[in-house]
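Right, one structure below, let's go through it.
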Amino acid sequence: MPSPFDLNWQHESLEGKIVVALERLAEVFRVLAWEVSKESGLSPIQMQILIFCLFHKQQMATVSTLAEEFHLTKATISESVRVLENRQLITKKTNKADQRRYHLVLTARGKKLAEKASEFANALLLAAGHLQQSMKEQLLMALLQMIRDLQRQGIIHPQRMCWNCRFYTLHQQQPYCALLHKPLHVANLRVDCPEFELNLS
């Protein structure tokens, strides 16, 4: 298969142009994340951990979940957690049912820093806001389909999106959420749903 970075091939390939465009956007994420990291003195992954803990349920804030979320080893996550704990940005809350397990909880300092850091991608949010509604919906559908294809290839783990959820079904031939009891139009599809439960069927 040709490389999408081969300009001679890329210029004649729509797929190649899409891949390179995504690579450019990934570079924007990397640069913006590094800018915030430099200000705080933390690494990008440490910042991501804080942001994850800010916006997700406490029971999800474990080393195992974070390792799966960011496709890193538990040892790498544990080292980042140690740094964050030493800087008094997080604390460990022991699981009452199993003293060996714990959840990560943001301190007041950690929450304040996470709230500020979570705005690092706002430039991309602004750019997306300039698109017409129909283009936003087409782009969302295309990205979700690419994510699903990468899941099927085993490159990324199943994401917490509607198409992977046991509550996702069809009602009168239309996508429907059986938990929220509402039809799912394109704009309603979620990429990271807090009520997500993996469909094992």
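In terms of the working numbering, the sequence shown has 151 at position 50, counting the first letter as 1, and numbering is strictly consecutive. Just so you know, even glycine gets a beta-carbon here, dropped at the ideal spot from N, CA and C.
Does the beta-carbon of residue i, which I'm using as the reference point, lie nearer than 6 Å to any heavy atom of the ligand FMN?
i, result
"Gln-149", "Ligands displayed in this structure: none; no statement on the ligand FMN is therefore possible."
To which residues does DSSP link residue i through a beta bridge?
i, result
"Val-316", "The requested residue 316 is not part of the displayed model; the chain covers only 102 to 302."
"Pro-284", "Tyr-277"
Less than 7 Å between the beta carbons of residue i and residue j, yes or no?
i, j, result
"Ile-150", "Ser-181", "yes"
"Gln-189", "Thr-208", "yes"
"Val-287", "Met-236", "no"
"Val-120", "Pro-105", "yes"
"Leu-290", "Cys-263", "yes"
"Leu-185", "Ile-178", "no"
So residue i and residue j are supposed to be a Cβ contact under 8 Å. How far apart are they, rounded?
i, j, result
"Ile-191", "Leu-205", "5 Å"
How many Å lie between residue i and residue j at the Cα?
i, j, result
"Asn-300", "Val-292", "15 Å"
"Ser-306", "Lys-118", "Because the chain is modelled from 102 through 302, residue 306 falls outside the range shown and cannot be assessed."
"Lys-283", "Asp-107", "46 Å"
"Phe-221", "Val-129", "10 Å"
"Ser-114", "Met-247", "17 Å"
"Pro-145", "Asn-109", "35 Å"
"Glu-124", "Tyr-277", "33 Å"
"Thr-174", "Gln-274", "42 Å"
Considering residue i, what are the terminal residues of the alpha helix (DSSP H) in which it resides?
i, result
"Thr-177", "175-187"
"Glu-238", "234-253"
"Ile-119", "115-141"
"Phe-156", "145-156"
The beta strand (DSSP E) spanning residue i covers which residue range?
i, result
"Thr-270", "269-272"
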